[in-house]
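Working notes for the structure below.
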Amino acid sequence: DQQVKQNSPSLSVQEGRISILNCDYTNSMFDYFLWYKKYPAEGPTFLISISSIKDKNEDGRFTVFLNKSAKHLSLHIVPSQPGDSAVYFCAASGNSGYALNFGKGTSLLVTP
Amino acid sequence: EAGVTQFPSHSVIEKGQTVTLRCDPISGHDNLYWYRRVMGKEIKFLLHFVKESKQDESGMPNNRFLAERTGGTYSTLKVQPAELEDSGVYFCASSATGNTEAFFGQGTRLTVV
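Protein sequence lines, in the order shown, are assigned to chains A and B.
Number 847 in the numbering used here belongs to position 13 of the first sequence; there are no gaps in the numbering.
Number 491 in the numbering used here belongs to position 20 of the second sequence; there are no gaps in the numbering.
This is the structure in structure tokens:
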């Protein structure tokens, strides 16, 4: 039973525009959320994270928003660049453990 | 600083054979994890070491999988005997004490034929 869901398998955005990637979770015990970026033939690369005590975390062009009541988080990339084209994974952990529960990923394509 | 390294990058074996995957974590990282991604599915947690001890092995699919981390440095994941459904990409990751942000290796693509 998948506890982290990314319902959009793919997303295409024009360069310079905002990319919004969404993620939903079902386990209310999750208290830490992460986004990873993955290029083909490489491992996931950590991008940004947020604790459940916050509702927003920003790092440069990347911002993660957390809505605990809706069990929803989103990653905003602005402005989007062609080099951002990759698969983005949402992950969550909780219950005082470090094991990450991943979504299936969203493939982002940023077109020039 | 070297990242997480995994060996081999690819492995093709026949059903019933044994394969051993190796992971070298980032130096000084006490936490080491194994994950697996079967084609078309999400990346799934297999197990978590803290130094040489298994902290959580709830994701290990069955007793054909054996993970070790002798001395608390590198780790091996052995599959014996391999089955067709074991095919996938096996990722290793490591993190520092108290950190949830894990750094991943490039993965080992295992194909069982």
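The C-beta atom is built at its ideal place from N, Cα and C for all residues, glycine as well.
This structure is a prediction, so every number in the text was calculated from the model and none was measured.
Say whether chain B places a C-beta atom closer than 8 angstroms to the C-beta of residue i.
i	result
residue 932(A)	yes
residue 864(A)	no
residue 848(A)	no
residue 896(A)	no
residue 890(A)	no
residue 868(A)	yes
From which residue to which residue does the beta strand (DSSP E) around residue i run?
i	result
residue 870(A)	864 to 872
residue 898(A)	896 to 901
residue 477(B)	476 to 478
residue 891(A)	890 to 893
residue 876(A)	Segment: none, residue 876(A) is in no beta strand (DSSP E) and carries neither H nor E.
Determine, using beta carbons only, whether residue i comes closer than 8 angstroms to chain A.
i	result
residue 499(B)	no
residue 502(B)	yes
residue 516(B)	yes
residue 604(B)	The structure shown has nothing for residue 604(B), since chain B only spans 472 to 584.
residue 519(B)	yes
residue 566(B)	yes
residue 512(B)	yes
With distance defined between alpha-carbon atoms, name the residue in the options nearest to residue i.
i	options	result
residue 544(B)	556(B), 567(B), 532(B), 536(B)	567(B)
residue 841(A)	932(A), 935(A), 853(A), 858(A)	858(A)
residue 881(A)	916(A), 932(A), 923(A), 847(A)	923(A)
residue 935(A)	507(B), 546(B), 486(B), 522(B)	507(B)
residue 900(A)	853(A), 868(A), 845(A), 944(A)	868(A)
residue 553(B)	516(B), 478(B), 473(B), 482(B)	482(B)
residue 847(A)	878(A), 915(A), 891(A)	915(A)
residue 530(B)	843(A), 906(A), 932(A)	932(A)
On the premise that residue j lies in contact with residue i, defined as a C-beta separation below 8 angstroms, what is that separation, rounded to the nearest angstrom?
i	j	result
residue 937(A)	residue 839(A)	6 angstroms
residue 928(A)	residue 870(A)	Not really, about 17 angstroms apart at Cβ, beyond 8 angstroms.
residue 495(B)	residue 521(B)	The pair is not a contact, with the Cβ atoms about 17 angstroms apart (cut-off 8 angstroms).
residue 853(A)	residue 942(A)	6 angstroms
residue 579(B)	residue 560(B)	7 angstroms
residue 528(B)	residue 537(B)	Not confirmed; about 10 angstroms, so no contact.
Which one or two residues does DSSP pair with residue i in a beta bridge?
i	result
residue 839(A)	858(A)
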